[in-house]
Amino acid sequence: MKVSGGVRTSQESKNIAIVDITAYNTEEIKKLVARREEIIQVIMTMPDMVFRHVLLATYVNTKTCDEAMEYLDIRNRNKYFTLKRKAEESLDLILKGTTC
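Spelled out as structure tokens, the structure:
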């Protein structure tokens, strides 16, 4: 049984909608890349190189904590999470405008 009805759209209308969505997504990607660069710049202001490396690995280069631990070659979870916590505290001080 064939069902008819609904709103018919031309192929041109479909193509225009796809181009509009693509243009929107491209702009959103540009905003996210700029935000990522801004985050990296803030992390790079940290005085401790180890803390910078842990935060970059955790939040920029990898998707999970396990991947970050492997990337950093840290086999002890407690050590990783201690470094991560200290790095986040240091970053928090920087964002609040004080120094370590």
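Using my numbering, read the sequence shown as starting at 294 and increasing by one per residue.
Heads up, the beta-carbon is just placed ideally off N, CA and C, and yes, glycines get one too.
- Remark: fewer than three beta-carbon pairs, one from each stretch, lie closer than 8 Å, so the stretch 361-375 and the stretch 326-342 are not flagged as touching.
- Taken in chain order, the complete alpha helix (DSSP H) segments of 4 or more residues contained in the stretch 349-376 are 358-365.
- Ranking 344, 319 and 305 by CA distance to the CA of residue 380 puts 344 first.
- With contact defined as three or more Cβ pairs closer than 8 Å, the stretch 347-367 and the stretch 303-316 are not in contact.
- The Cβ atoms of residue 335 and residue 377 do not sit closer than 8 Å to each other.
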